[in-house]
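A short worksheet on the structure shown next.
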Amino acid sequence: MTSSHPRLELAGVSKTFGPNRVLSGVDLVVGPGEIRGLAGQNGSGKSTLIKILTGIHAPDPGSRIAVDGSPLHLPVRWGAAQRAGIGVVHQDLGLLDNLTVAENICVGGYPVSRWGRIDRRARDRLAESTLDRIGVHVSPRAMVAELTAAERAEVAIARAMRDHAPGRGLTILDESTRSLRGADLERIHAMLRRIVDGGSSAIIISHSLRELTTIADSVTVLRDGHVTGDLSRSAADVSEATIAQAMLGDSLTAFHRPRSASQDHPDRAPRVLVRGLTGGPVRDVSFEIGRGEILGITGAPGSGHDEMAGLLAGDVRPAAGQMVVDDRTIDLPRAAITSILRAGVMLVPERRDRDGLAMEMSIRDNVTLPQLAGRHRLFLNRPWQSREAGRVIRKHDVRPSRPHALVRELSGGNQQKVLLAKWLEMRPRFLILHEPTQAVDVGARREILTNIAAAAQEGTSILVVSSEADDLTAICDRVLIHGVDGLTPADAANPTQLIDQVFAPTTRTLP
Amino acid sequence: MTVQHDPEAVRDDGLSSTDTVGMQQGEMAGGRRQPRSNRVATFLSRYALILVWALLATVYCVLMPDTFMSTSTLQAIFGSQSALVLLALAALSTFVAGEFDLSFASIMGLSATIVPVLTTLHGVPIGASCLVAMVTAMLCGLLNAFFVVVLEVPSLVVTLGSASLFVGIAQMIASSTIASVSEPGFSDLVLHRVLGLPLSFYYGALACVLFAYVITHTPLGRHIVFVGANRDVARLAGVRVSAIRAGSYVAGSTLAGLAGVVLVASVGGFDPAGSAVYLLPSLAAVFLGTAVVLPGQFNPIGTFVGIYFLATGIIGLQLLGYSGWVQDVFYGGGLVLAVSVAAVIRRRVAVA
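For the record, the sequence lines run as chains R and F.
Numbering-wise, full-length UniProt numbering puts 462 at position 462 of the first sequence, and it's gapless, one number per residue.
Numbering-wise, full-length UniProt numbering puts 288 at position 288 of the second sequence, and it's gapless, one number per residue.
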């Protein structure tokens, strides 16, 4: 093993789940002493890539992974990867609060004395030397519960690189820094820099583009399972805008919304009014949407625009806020989901697998679920259910077209069509769409956008909460950007411009 | 009780999940945060059950100065629960690893049936029948582990089914007669009195201490705790998670087998149909135990206290003249109450 080999080399890594290809030929190289950032939207394949590396998923045949030039046997056996020098810092850091620092660091490799008892002194020494190596001063005997946020992160990182030989090894931080702010974050970054200066390497996964531009030497960007950006600091192309462009922009699939003449002049009185919405990072936000109007809300990652969908639909209870839909006034902090639904407000959530659909049930059952409450109370009319499902499947072009097919068996795009159909068939007055085209293929995206535009045509007021600049510029009448100062109108003419505005210094939130 | 499998609710699931949740809640509510519990509250939450126990005993002493405050009552409380202590440890060994087993009482029943049937009906030496019973119990645990860990079937379903399966097999072996052993040497091993209490009490206490030692002082024990808290973290730290999960079922069933042997030695015979009676008290004790010493965590010392707390309550009520139904009410009520208390404590520990 000579030092000319990269620390980690992934070549042509692919992964297919049923009909869904979530990774397509991903190449990723991390050199010795390099911090490589990994960026991408939810569903872009980042977490699948890490799961392949840690042995949870088996990659498709033809994939290749090598550490320091020697190939890893695939599927990865975690023990072997660990021995080769790969360590992972868990998303939640994975520390047990009621144990000491040393106990947390040494898990998986406790030194033992005779009789198989943990050698406490040796354990504390091992923890101490590990902490020393990364220049961290925390007592190995301290309880983790008593540590500061930054110290916890340090302890978690120490565990991941405990068995690394000096100047070797690769530490993967899987969004491990997301709970850190300001000085704490800088402290961890400085520590990482010290570690890699000795020749060790790191991969850092983060939603904060600012963090990636601050700490990473190079950034790999994934979008829909493809590498869409391999940016490096030496080529001076690591910036928030270039990462965002690779993450979000995709002008090849431009879509033009069909508009009727009347829709170009939305002069009707607003149908939906939102006043003083406050909850989480959202502070005192107000806006209005006209009948048949599509409003887009976007923002930089972490700016809080993501929270808006759940707050309006009753999924997350806001601290304050009022919503008027036609003649109904809803007091959001006190409203139950059922009364919000009755007012005609419906949400197509971001996580279709978790919040949107029952994956183990059929298309028929999923599509007709919201309508059941309005039907006969005692008997379920099966023939009606099947007829209705068949009609919806044809209308939304869901494939396969069998009403009995389980949702789990469908591709991401078709699942999203089922989810959209489920709520469109309820004829909502106000439809909230959260990342409506996330992880769907190009064809499905076009059909989904067409169906959204058609619903607006019929008079539904629509809010699209999304980070996809292409979607927003393609179908929205207006786009607002959420930032620290609340909502600011954006120019919704073209995606590149929109991304520039989202990441412009004035609307950027501090990480 | 399935909270064990819910990563959000896992009792000491690392910091930042709780940290970020706390933070989000704080932000949602405009910066409101739970106050940190002070030392008095910590002390109280650690020893509350022992205080309640003392209170209960005091109330009984006042109500029945003659009957309750006697050596025989003390012996009744501390001398009768050893099989239950071992059985509760059986339940505990799956719980600490984040697993869930409902079949341990049936495994004890099977073991307690095998010993007298082999010895009395088939003339097998008592030592050999005990060995057979223990090996059978171990195999029962392996069976559970195969379905839960290898085939990944939900443990609730597997162990509910296997509980019925094991009792059925026991009844088949017993062929509806209740055989009993009368081997003085054998029962002496368990019933011989030292300082007024049967040897079996000391076995139970010793088992708890050993259990506590393994959990806190050996790499195996610490790894079990990590697996129970967060499987993913344990796996990434290089712990052999599947082996530990499977091992927890086998260790549990072996302890249940041992409980069966102790039971036969002290009582003489066993009707397998009565196995289910032992399920609830052991579960109640294990969950009560999470309120003692290490709040929010399953621990053997707490379980030990839980067992004798429940025994005190029931024997006192029996002396007051309530009988039969009182046992069911006390154990059942105790279990629900214990789980609720444990859940509340866990939430408080998680927020603080």
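Ideal placement from N, C-alpha and C gives every residue a C-beta, glycine not left out.
At 3 residues or longer, what runs of the beta strand (DSSP E) sit wholly inside the segment 297-370 of chain R? Taking only runs of at least 3 residues, the beta strand (DSSP E) segments lying wholly in the segment 297-370 of chain R are 320-325, 328-331, 345-348.
Boundaries (first-last residue) of the beta strand (DSSP E) holding residue 67 of chain R: Start at 1 with the first residue of the first sequence, and residue 67 of chain R comes out as number 67. Where residue 67 of chain R is concerned, the enclosing beta strand (DSSP E) stretches over 64-67.
Under the assumption that residue 493 of chain R contacts residue 473 of chain R (Cβ atoms under 8 Å), give the Cβ distance between them as a whole number of angstroms. Numbered from 1 along the first sequence, position 493 holds the residue referred to as residue 493 of chain R. Numbered from 1 along the first sequence, position 473 holds the residue referred to as residue 473 of chain R. Sure, about 7 Å apart at Cβ, within 8 Å.
Going by alpha carbons, who is nearest to residue 211 of chain F out of F:225, F:233, F:315? If you number the second sequence from 1, residue 211 of chain F lands on position 211. Minimum Cα distance to residue 211 of chain F is reached at F:225.
In chain R, what lies closer than 8 Å to residue 300 of chain F by C-beta? The residue labelled residue 300 of chain F in the question sits at position 300 within the second sequence. Result: empty, since nearest Cβ-Cβ is about 16 Å, beyond 8 Å.
Residue 189 of chain F: first and last residue of the uninterrupted beta strand (DSSP E) it sits in: Taking the first residue of the second sequence as 1, we reach residue 189 of chain F at position 189. Per DSSP, residue 189 of chain F lies in no beta strand (DSSP E); the unbroken alpha helix (DSSP H) holding it starts and ends at 184-191.
How close, in whole Å, do the beta carbons of residue 140 of chain F and residue 253 of chain F come, if the pair is a contact with beta carbons under 8 Å? As a first step, residue 140 of chain F must be located in the second sequence, where it is residue number 140. As a first step, residue 253 of chain F must be located in the second sequence, where it is residue number 253. Rounded, the Cβ-Cβ distance is 5 Å, consistent with contact.
I need the straight-line Cα distance from residue 345 of chain R to residue 41 of chain R, nearest angstrom please. Within the first sequence, residue 345 of chain R is the residue found at index 345, counting from 1. Within the first sequence, residue 41 of chain R is the residue found at index 41, counting from 1. Going by the C-alpha atoms only, they are around 27 Å apart.
If you reduce the DSSP assignment to three classes, tell me which class residue 149 of chain R lands in. As a position in the first sequence, residue 149 of chain R is number 149, starting the count at 1. In this structure, residue 149 of chain R counts as helix in the three-state DSSP scheme.
Thinking C-beta only, is residue 222 of chain R closer than 7 Å to residue 44 of chain R? Along the first sequence, one-based indexing puts residue 44 of chain R at 44. Along the first sequence, one-based indexing puts residue 222 of chain R at 222. The beta carbons of residue 44 of chain R and residue 222 of chain R sit closer together than 7 Å.
Could you check what DSSP says for residue 23 of chain R in three-state terms: helix, strand or coil? If you number the first sequence from 1, residue 23 of chain R lands on position 23. Three-state result, residue 23 of chain R: strand.
CB residue 68 of chain F to CB residue 319 of chain F, shorter than 7 Å? On the second sequence, residue 68 of chain F is found 68 positions in, with the first residue counted as 1. On the second sequence, residue 319 of chain F is found 319 positions in, with the first residue counted as 1. The criterion of a C-beta distance shorter than 7 Å is satisfied by residue 68 of chain F and residue 319 of chain F.
Alpha carbon to alpha carbon, what distance is there between residue 199 of chain F and residue 268 of chain F? Taking the second sequence and counting its residues from 1, the one referred to as residue 268 of chain F is at position 268. Taking the second sequence and counting its residues from 1, the one referred to as residue 199 of chain F is at position 199. Each residue's Cα considered, the two are about 16 Å apart.
Hey, could you find the ends of the alpha helix (DSSP H) residue 217 of chain F is sitting in? To locate residue 217 of chain F, count along the second sequence from 1; it is residue 217. Element bounds for residue 217 of chain F: 199-217.
To the nearest whole angstrom, what separates the beta carbons of residue 256 of chain F and residue 331 of chain F, a pair I think is in contact under 8 Å? Taking the second sequence and counting its residues from 1, the one referred to as residue 256 of chain F is at position 256. Taking the second sequence and counting its residues from 1, the one referred to as residue 331 of chain F is at position 331. A Cβ-Cβ separation of about 18 Å leaves residue 256 of chain F out of contact with residue 331 of chain F under the 8 Å criterion.
Residue 219 of chain F at chain R interface by Cβ criterion, 7 Å: Numbered from 1 along the second sequence, position 219 holds the residue referred to as residue 219 of chain F. Using a CB distance cut-off of 7 Å, residue 219 of chain F counts as an interface residue toward chain R.
Measuring only between beta-carbons, confirm whether residue 226 of chain F sits less than 7 Å from chain R. Taking the first residue of the second sequence as 1, we reach residue 226 of chain F at position 226. Taking Cβ atoms only, chain R reaches closer than 7 Å to residue 226 of chain F, which makes this a yes.
Can a CB atom of chain F be found closer than 7 Å to the CB of residue 155 of chain R? Taking the first residue of the first sequence as position 1, residue 155 of chain R is located at position 155. It does not; no Cβ of chain F falls within 7 Å.
Near residue 119 of chain R, what residues of its chain come up, given a Cβ to Cβ distance below 7 Å and the 5 sequence neighbours on each side ignored? Against the first sequence, residue 119 of chain R aligns to sequence position 119. For residue 119 of chain R, where only same-chain residues beyond five positions count, the Cβ hits under 7 Å are 111, 112, 113.
Should residue 323 of chain R and residue 370 of chain R be called a contact, given that it needs their Cβ atoms to be closer than 7 Å? Within the first sequence, numbered from 1, the residue matching residue 323 of chain R stands at position 323. Within the first sequence, numbered from 1, the residue matching residue 370 of chain R stands at position 370. Not a contact, by the Cβ cut-off of 7 Å.
Select from the segment 185-209 of chain R all residues with a C-beta closer than 7 Å to any C-beta belonging to chain F, and list them in chain order. Within the segment 185-209 of chain R, no residue has its Cβ closer than 7 Å to any Cβ of chain F.
Beta-carbon gap between residue 212 of chain R and residue 33 of chain R smaller than 7 Å: Mapped onto the first sequence, residue 212 of chain R falls at position 212. Mapped onto the first sequence, residue 33 of chain R falls at position 33. No, the pair does not count as a contact, with Cβ atoms beyond the cut-off.
Distance between beta carbons of residue 115 of chain F and residue 181 of chain F, contact taken as under 8 Å: For this step, residue 181 of chain F is matched to residue 181 along the second sequence. For this step, residue 115 of chain F is matched to residue 115 along the second sequence. The Cβ separation is near 7 Å, so the contact holds.
Are any of the Cβ atoms in chain R nearer than 7 Å to that of residue 230 of chain F? Here residue 230 of chain F refers to the residue found at position 230 of the second sequence. With respect to chain R, the C-beta atom of residue 230 of chain F has a partner C-beta closer than 7 Å.
For residue 281 of chain R and residue 145 of chain R, I'd like the C-alpha separation in whole angstroms. Position 281 of the first sequence, counted from the start, is the residue given in the question as residue 281 of chain R. Position 145 of the first sequence, counted from the start, is the residue given in the question as residue 145 of chain R. Taking the straight line from one Cα to the other gives about 26 Å.
For residue 183 of chain F, which residues of its own chain have a beta-carbon under 8 Å away from its beta-carbon, when the five flanking residues on both sides are left out? Locating residue 183 of chain F in the second sequence gives position 183, counting from the first residue. Here the set comprises 119, 126.
At 4 residues or longer, what runs of the alpha helix (DSSP H) sit wholly inside the segment 48-124 of chain R? Listed in chain order, the complete alpha helix (DSSP H) runs (minimum 4 residues) inside the segment 48-124 of chain R are 78-84, 101-106.
Scan the segment 449-484 of chain R and note each continuous beta strand (DSSP E) run of 3 residues or more that stays entirely inside, going in chain order. The qualifying runs are 461-465, 478-483.
Rounded straight-line distance, which links the Cα of residue 326 of chain R to that of residue 385 of chain R: Your numbering for residue 385 of chain R matches position 385 in the first sequence. Your numbering for residue 326 of chain R matches position 326 in the first sequence. A straight line joining the alpha-carbon of residue 385 of chain R with that of residue 326 of chain R spans about 30 Å.
Contacts that residue 245 of chain F makes with chain R (C-beta to C-beta distance below 7 Å): One-based indexing of the second sequence puts residue 245 of chain F at position 245. Going along chain R, no residue has its Cβ under 7 Å from residue 245 of chain F, so there is no contact; the nearest lies around 16 Å.
Residue from F:106, F:75, F:79 with nearest C-alpha to residue 273 of chain F: Here residue 273 of chain F refers to the residue found at position 273 of the second sequence. Ranked by Cα distance from residue 273 of chain F, the first of F:106, F:75, F:79 is F:106.
Looking at the structure shown, is residue 386 of chain R part of a helix, part of a strand, or coil, going by DSSP? For the purposes of this step, residue 386 of chain R is identified with residue 386 of the first sequence, where counting begins at 1. Here residue 386 of chain R sits in helix by DSSP.
Would you list, in sequence order, the uninterrupted alpha helix (DSSP H) runs of no fewer than 4 residues that lie entirely inside the segment 284-326 of chain F? Taking only runs of at least 4 residues, the alpha helix (DSSP H) segments lying wholly in the segment 284-326 of chain F are 300-319.
Quick one: grab the DSSP three-state call for residue 177 of chain F. Here the question's residue 177 of chain F lines up with position 177 in the second sequence. Look at residue 177 of chain F here: in three-state DSSP terms it is coil, with no helix or strand label.
For a contact defined as C-beta to C-beta under 8 Å, what are the partners of residue 46 of chain F on chain R? To locate residue 46 of chain F, count along the second sequence from 1; it is residue 46. Correct list: empty, because the minimum Cβ distance to chain R is about 12 Å.
Please identify, using Cβ separations under 9 Å, the residues of the segment 237-264 of chain F that lie next to chain R, in order along the chain. For the segment 237-264 of chain F, the residues whose beta carbon sits under 9 Å from a beta carbon of chain R are, in order, 237, 238, 239, 240.
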